[in-house]
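Going down the list, the sequences are from chains A and B. Residues are numbered in the numbering used here as their position in the first sequence, beginning at 1, plus a constant of 46. Numbering follows the numbering used here, with no gaps: position 193 of the second sequence is 173. Glycine included, C-beta positions come from ideal geometry on N, C-alpha and C. Notes for the one structure printed next.
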Amino acid sequence: MNSKQHLILAVAVATCLATGLVGCDNADAPRTSGANGTKTGGTGKNVAAAALPASTFLTEAPSGAVPVSKLKASAKEGDEVTVRVVVGGRMKPFVADRAIMTVVDAGLANECVGPDAPCKTPWDYCCSAPEQLKPNLATVQIVDATGATMKVDLNASAKLKPAATVVVRGVVGPRPDPSALVINATGIFVETK
Amino acid sequence: MRLLPFEYAVRNLGRSRLRLTMSLLGSTLVVMLVIAATAFVRGMERSLVQSGSRHNVVLLGAGSEESIERSEVKASIPGQAAASIRGIKTRLGVSYISPEVHMALGVGTSAAEESNSQAVFRGVTPAAFMVHPQVRIVEGRTFDPGEDEVIVGALAATRLGISEDKLAVGQSIWLDRRQWKIVGRFSAPSTVMDAEVWCPLVNLQILTKRDSLSCVVITMGEGEFADADAFAARRVDLELVAMRETDYYGKVVDFYRPVRMMVWATAVLIALGGIFGGLNTMYAAFASRVREIGMLQSLGYPRRAVVICFVQESVLAAAAGALIAAALSLLLLDGLAVRFSMGAFGLVFDGPTIGLGLASGLLLGIIGSLPPAIRCFRMQITEALKAA
């Protein structure tokens, strides 16, 4: 076979393949941003990560912790409070790019924890009855000087992880509903097991 | 290396018309199947992936992240979200917030007919057209709020398994013995919405006797997903979960992975059958040409040159079959839609689909010819020349 015949064969095969490849029109198709959706920017914008104040993490646990359920019944916006809580209550307790986490009162027994518990995400308290969980569920956030939630991942630091027990000191934020409790934290002590 | 003339391989193809026909037929069938399987999988994936917008956030009931239809959120959520979430897209003072009810309902095409098949109904407000810009009214008009009127997607008839005529503008459908007039048709190509029926939110709530919503879809403008997620985390009393719309449909894509695997497995098994059939044909074809092989070698052609010539023959036949398969697929299968639990999707015959089919045809030609060719060349030249 001479070079001309080689060329004919090559062109025939290339035509065969090119017939299929021309018209590939999926370049603009939107892509999923990851099943977990925790690390990709929703609108593609970069969030400027601010640093948490040095005073955020305490070296000693504040005293006078009050149960979350009791606070929900009595606390008013602006009250200074201390709670002992577990990071969790949702499958993803941390909000990506925002200094917010959901917490559950440490006094609530977690049915998901134990040698026989099959739960892979015990911090979400999915094994507990919703009517038990809801009164003990609260939100902790860290705000800047303007009162806006800081744009930083709380779990970016090695200290805060799901299921960690923490003692939070802070100020009660706006309460649009008696069963909602947001604490603007001024100090967090992470308990070591 | 001295190669045999290319024409020699081409002429050999015509020596046995029956063998050529069998090779073409086998290659055509296998490649058609590969193209159909690829078109099915790509169609399903595309309809789910393109259903979500990366700018949209869905607020769902906590624990219902797997299915919007199972989700329930309070009817007050849209107002609370508008007041609390920063950076929601607005236009002329109207926020891109769409309260929606999604339900699979049995549909009848006459008052007397039993509703055997189900379609996904989406009860919406006009804001739905803002957050789902893929949806375009292509015939008629949109429904009037408060009226028992619906608009139907381009693939709704496929989903219901009925003729297009029964869902034409001006016709009616019956839901729970209640008549709903079809006032328009919409198109949302390559999305699950294309197989849905849309109606006024309030009317669907009345029909289904519910005052809650399935979800609230929000398009973010200056804000980010984190702003909506922060709202859900702060308002634990509302028991909400915020998800990117793309992530929601990404999870649905994962849910259907076993179906896709089954389709691929079936295609591979049948392709294997095609390859073994091809091998059998080639073994028989080459075995009858042992003397020819011996003669070519005695003329001075190296074994490799003769193998290449035989592979050329096989690849030419398989490639021709692949092109026929591609043409037949485009003629017979393009435009077909397939029903599935979330609606319906069209088979996708794009470049990668056809390319994969053609590549499988070429591969079939190579794999199908190499083993029998190599087997023939194990024979000594003298034995080959004496062969009957």
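Residue environment: residue 305 of chain B is assigned as buried (16 or more neighbouring CB atoms within 10 Å of its CB, all protein chains considered). If you ignore the 5 residues before and after residue 146 of chain B, its C-beta comes within less than 6 Å of the C-beta of 89, all in its own chain and listed in chain order.
In the structure shown, residue 234 of chain B adopts helical secondary structure according to DSSP, grouped into three states. Ranked by Cα distance from residue 259 of chain B, the options B:189, B:349, B:22 and B:236 are led by B:349. Between the alpha carbons of residue 122 of chain A and residue 173 of chain B lies a gap of roughly 46 Å.
Taking each of B:307, B:286 and B:162 in turn and checking the Cα distance to residue -8 of chain B, the smallest one comes out for B:286. Residue burial annotation: residue 335 of chain B is buried, with at least 16 other C-beta atoms found within 10 angstroms of its C-beta.
A direct Cα-Cα distance of roughly 35 Å separates residue 241 of chain B from residue 104 of chain B. Taking 7 Å as the upper bound on Cβ-Cβ separation, chain A lies near residues 200, 204, 205, 206, 209, 210, 213, 214 and 215 of the region 186 to 215 of chain B. With respect to residue 166 of chain B, residue 133 of chain B sits close: the two C-beta atoms are nearer than 8 Å. A straight-line Cα-Cα distance of about 7 Å links residue 183 of chain A and residue 148 of chain A. Within chain A, the residues 223, 225 and 226 have their CB atoms less than 7 Å from the CB of residue 217 of chain B, given in chain order.
The straight-line gap separating the alpha-carbon atoms of residue 170 of chain B and residue 323 of chain B is approximately 11 Å. Taken in chain order, the complete beta strand (DSSP E) segments of 3 residues or longer contained in the region 150 to 210 of chain A are 183 to 187. Neighbourhood of residue 215 of chain A in chain B, by CB distance below 7 Å: empty, with the nearest CB roughly 19 Å away. Note: residue 160 of chain B is bridge-paired with B:153 in the DSSP secondary-structure output.
One Cα belongs to residue 225 of chain A, the other to residue 34 of chain B, and the distance between them is close to 32 Å. Residues of chain B with a Cβ closer than 8 Å to the Cβ of residue 184 of chain A are, in chain order, 216. Neighbours of residue 129 of chain A across chain B, judged by C-beta separation under 8 Å, do not exist; the nearest C-beta is about 14 Å away. For residue -17 of chain B, the three-state secondary structure derived from DSSP is coil. DSSP, reduced to helix, strand and coil, places residue 283 of chain B within a helical segment of the structure shown.
Listed in chain order, the non-local C-beta contacts of residue 292 of chain B below 6 Å within the same chain comprise -11, local neighbours out to five positions each way being set aside. Residue 337 of chain B places its beta carbon 8 Å or farther from that of residue 294 of chain B.
Contact between residue 189 of chain A and residue 124 of chain A does not hold, since their C-beta atoms are separated by about 13 Å, which reaches or exceeds 8 Å. Close to residue 141 of chain A, with beta-carbon spacing below 7 Å, are these residues of chain B in chain order: 206, 209, 210 and 213. Inter-residue distance for residue 44 of chain B and residue 175 of chain A is about 16 Å (C-alpha atoms, whole angstroms).
For the pair residue 298 of chain B and residue 0 of chain B, the Cα-to-Cα distance works out to about 10 Å.
The beta carbon of residue 192 of chain A does not come within 8 Å of any beta carbon belonging to chain B, so the residue lies off that interface.
Annotation for residue 126 of chain A: the continuous beta strand (DSSP E) segment containing it runs 126 to 133. Between the region 354 to 365 of chain B and the region 266 to 276 of chain B, the count of Cβ pairs shorter than 8 Å is three or higher; the stretches touch. Contact fails between the region 14 to 26 of chain B and the region 151 to 160 of chain B, because fewer than three Cβ pairs, one in each stretch, are under 8 Å apart.
Straight-line measurement puts the Cα of residue 51 of chain B at about 12 Å from the Cα of residue 79 of chain B. Restricting attention to beta strand (DSSP E) runs no shorter than 3 residues, the region 46 to 97 of chain B encloses them at 77 to 87, ordered along the chain.
The C-beta separation of residue 236 of chain A from residue 212 of chain A comes to about 5 Å, placing the pair in contact by the 8 Å criterion. Less than 8 Å divides the Cβ of residue 199 of chain B from the Cβ of residue 69 of chain B. For residue 102 of chain A, there are no C-beta contacts with chain B under 7 Å, since the nearest C-beta of that chain is about 18 Å from it.
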